[in-house]
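Novice: Before I ask anything, here is the structure I am working with.
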């Protein structure tokens, strides 16, 4: 059964959603037959690749964005941090940076081709939210990619080219076609969609339902027309 | 797009349905992206493999089965023959035999593995309805299989073993799961089913509809729950 998760690497709820999906999958009887693919979604495609915001400015940006005081913005981050902590995640918004994630998504497609996509997704999310990764920085991206098992030479040649740009764009085109406006967004067997970091039990319920329906009987078309057919040892005339 | 057709080689409407499907496919814009598989369906699994009924007895069998006089039964066959003739088929019920088709279906699965399944299906149907093939006879089956491009040694080793028996049974299990009680039965993309030798325009309509729907947006599950998500540059809290 195929599961696709649209996600960005600068999306805190995407990392929380990753943990919740992993918890759901751990409880899913047919987990060995689930094929997971991470799909690209840029929350801010216009973000400047050259500027990862500096340490400690995450809360200021948030305050400005929501028109709140810094203490109020910090309270919002604290709440988010507590939800993440409940999933075993250590969100360090004091270190967190932002930036353009297009190249990170290109590397996730390289990792998909090399069979280590989930490993890289985990390391990118962890580097971003726990270790203050400058997500647009090629040297930092390469270090994370190699730690996920990718070949350094290949990683650098991808970063220095536009390889996998088409794959990133294709994921984003598909997201629009699916009406996906925010992430994380889970798609099970191209059939069911789950928007947001839902609790594991709800994700498990969708996996279970999709599994039960994975091979439906075809809908009969034109049956009323009574096409000429043979049944058992006799044929209509 | 995947098309599966459940069919038997002693099923006159299946051969008519094959021609009608071919006519529909010829008109289908995306025919190059259609992958056709013939699926096994035995109309009479209990038929004796050792006895193919002798020449000329088809009409007697039909008369006995329907409790009609031989002339009335012949009239039924004449009607069927006319329908077949309209599809360019020459049905020779005066030559037609019956028999157990299990081994013919095993060879169709060998042909599937070798990429010549449609060629063999055509030759088996033609041999049965135009040339009086004794469908259970290994020598006659081998001759037809080789004429379809299969290797004679491999064909004989399959006939002398139970190779592909599981594949035939699996098709029949799937047919029951799909509620298929008669053939031909067309299944498009595991989604739409067409029962009987429907006119080409109806088969084309189903191909067209399935193609248009081949990549539907996923049904949103639990959307009302409002899972934590990030959208554009902001995240829910």
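Chains as they are written, first to last, in my numbering: chain Y, 1 to 237; chain U, 1 to 237. Each residue gets a CB set at the ideal place from its N, CA and C atoms; glycine is no exception.
#1: Can you name, in chain order, every residue of its own chain whose Cβ lies under 6 Å from the Cβ of residue 138 of chain U, other than the five neighbours on each side?
#2: Is residue 241 of chain Y buried or exposed, if buried means 16 or more other CB atoms sit within 10 Å of its CB?
#3: Could you give the C-beta distance for residue 120 of chain U and residue 145 of chain U, rounded to a whole number, given that I count them as a contact under 8 Å?
#4: Listed in chain order, which residues of the segment 189-211 of chain Y have Cβ atoms closer than 7 Å to some Cβ of chain U?
#5: With DSSP run on the structure shown, which of helix, strand or coil describes residue 172 of chain Y?
#6: Decide if residue 216 of chain U is buried, meaning its Cβ has at least 16 other Cβ atoms within 10 Å, or exposed.
#7: Got a sec: is the Cβ-Cβ distance from residue 246 of chain Y to anything in chain U below 8 Å?
#8: Do you know offhand how far residue 162 of chain Y's Cα is from residue 214 of chain Y's?
#9: Report the option in Y:113, Y:50, Y:71, Y:132 whose CA atom is closest to the CA atom of residue 93 of chain Y.
#10: Contact criterion: CB-CB distance below 8 Å. Does residue 36 of chain U meet it with respect to chain Y?
#11: Could you tell me whether any Cβ in chain U is nearer than 8 Å to the Cβ of residue 68 of chain Y?
#12: Name the two residues that bound the continuous beta strand (DSSP E) containing residue 2 of chain U.
#13: Just the C-alpha distance for residue 67 of chain Y and residue 73 of chain Y, rounded to the nearest angstrom, thanks.
#14: Output yes if chain U places a C-beta closer than 8 Å to the C-beta of residue 13 of chain Y; else output no.
#15: Closer than 8 Å by C-beta to residue 10 of chain Y: which residues in its own chain qualify, once you throw out the five before and the five after it? Chain order, please.
#16: In the structure shown, what three-state DSSP assignment does residue 35 of chain Y receive?
#17: Using a Cβ-Cβ distance cut-off of 8 Å, determine whether residue 232 of chain Y contacts chain U.
#18: Given a cut-off of 8 Å on the beta-carbon distance, is the pair residue 41 of chain Y and residue 201 of chain Y in contact?
#19: Give the straight-line distance between the Cα atoms of residue 85 of chain U and residue 118 of chain U, rounded to the nearest whole angstrom.
#20: Starting from the N-terminal side, write out each stretch of the alpha helix (DSSP H) that is 4 residues or longer and does not extend beyond the segment 68-103 of chain Y.
#21: What do you reckon, is the C-beta of residue 231 of chain Y under 7 Å from a heavy atom of the ligand ATP?
#22: Given residue 2 of chain Y, which residues of its chain have a CB within under 6 Å of its CB, disregarding the five upstream and five downstream residues?
#23: Counting beta carbon pairs with one atom in the segment 141-155 of chain Y and one in the segment 16-23 of chain Y, are three or more of them shorter than 8 Å?
#24: What alpha helix (DSSP H) runs, 4 residues minimum, are completely inside the segment 103-165 of chain U?
#25: Go through its chain and collect everything with a Cβ distance to residue 224 of chain Y's Cβ below 8 Å, but skip five positions before and after it.
#26: Against chain U, does residue 228 of chain Y count as a neighbour if the rule is that its beta carbon must be under 8 Å from one of theirs?
#27: Please classify residue 246 of chain Y: does DSSP put it in a helix, a strand, or coil?
Specialist: The answer reads as follows:
#1: Against the second chain, residue 138 of chain U aligns to sequence position 138. Only 159 meet the Cβ criterion.
#2: Only positions 1 to 237 of chain Y appear in this structure, which leaves residue 241 of chain Y out of reach.
#3: As a first step, residue 120 of chain U is located in the second chain; it is residue number 120 there, counting from the start. As a first step, residue 145 of chain U is located in the second chain; it is residue number 145 there, counting from the start. Indeed they touch by this definition, with Cβ atoms about 6 Å apart.
#4: 190, 191, 192, 193, 194, 195, 196, 197, 198, 202, 206
#5: As a position in the first chain, residue 172 of chain Y is number 172, starting the count at 1. In this structure, residue 172 of chain Y counts as helix in the three-state DSSP scheme.
#6: Here residue 216 of chain U corresponds to residue number 216 of the second chain, with the count starting at 1. Exposed is the call here.
#7: Given that chain Y is displayed from residue 1 to residue 237, the structure contains no residue 246 of chain Y and the question cannot be resolved.
#8: The residue you call residue 162 of chain Y lines up with position 162 of the first chain. The residue you call residue 214 of chain Y lines up with position 214 of the first chain. Distance between the alpha carbons of residue 162 of chain Y and residue 214 of chain Y: 37 Å.
#9: Reading the first chain from its first residue, position 93 is the one you call residue 93 of chain Y. Selected option, being the one with the closest Cα: Y:132.
#10: Counted from its first residue, the second chain places residue 36 of chain U at position 36. Cβ-Cβ to chain Y under 8 Å: no for residue 36 of chain U.
#11: Taking the first chain and counting its residues from 1, one reaches residue 68 of chain Y at position 68. Judged by the 8 Å Cβ criterion, residue 68 of chain Y is not in contact with chain U.
#12: Indexing the second chain from 1 puts residue 2 of chain U at position 2. Note, residue 2 of chain U: beta strand (DSSP E), 2-7.
#13: The count along the first chain starts at 1 and reaches residue 67 of chain Y at position 67. The count along the first chain starts at 1 and reaches residue 73 of chain Y at position 73. Cα to Cα, the separation comes out at about 9 Å.
#14: The sequence position of residue 13 of chain Y within the first chain is 13, counting from 1. Chain U contact via Cβ: present.
#15: Within the first chain, numbered from 1, the residue matching residue 10 of chain Y stands at position 10. 43, 44, 98, 99, 101, 128, 135, listed in sequence order.
#16: One-based indexing of the first chain puts residue 35 of chain Y at position 35. Strand at residue 35 of chain Y.
#17: For this step, residue 232 of chain Y is matched to residue 232 along the first chain. With 8 Å as the cut-off, residue 232 of chain Y counts as an interface residue toward chain U.
#18: Start at 1 with the first residue of the first chain, and residue 41 of chain Y comes out as number 41. Start at 1 with the first residue of the first chain, and residue 201 of chain Y comes out as number 201. It is not a contact, given that the beta carbons lie outside the stated cut-off.
#19: As a working note, residue 85 of chain U is residue 85 in the second chain. As a working note, residue 118 of chain U is residue 118 in the second chain. Roughly 21 Å separates the two Cα atoms.
#20: 70-86
#21: With respect to the ligand ATP, the structure offers nothing, as it holds no ligand at all.
#22: Position 2 of the first chain, counted from the start, is the residue given in the question as residue 2 of chain Y. Within the same chain, residue 2 of chain Y has close Cβ partners 35, 189.
#23: no
#24: 117-130, 138-147, 152-159
#25: The count along the first chain starts at 1 and reaches residue 224 of chain Y at position 224. Confidence is the limiting factor: at residue 224 of chain Y the pLDDT is only 47, short of 50, which leaves the residue's position unreliable and the question unanswerable from this model.
#26: Residue numbering aside, residue 228 of chain Y sits at position 228 when the first chain is read from its first letter. By this cut-off, residue 228 of chain Y is an interface position.
#27: This structure cannot settle anything about residue 246 of chain Y, because the visible part of chain Y is limited to 1 through 237.
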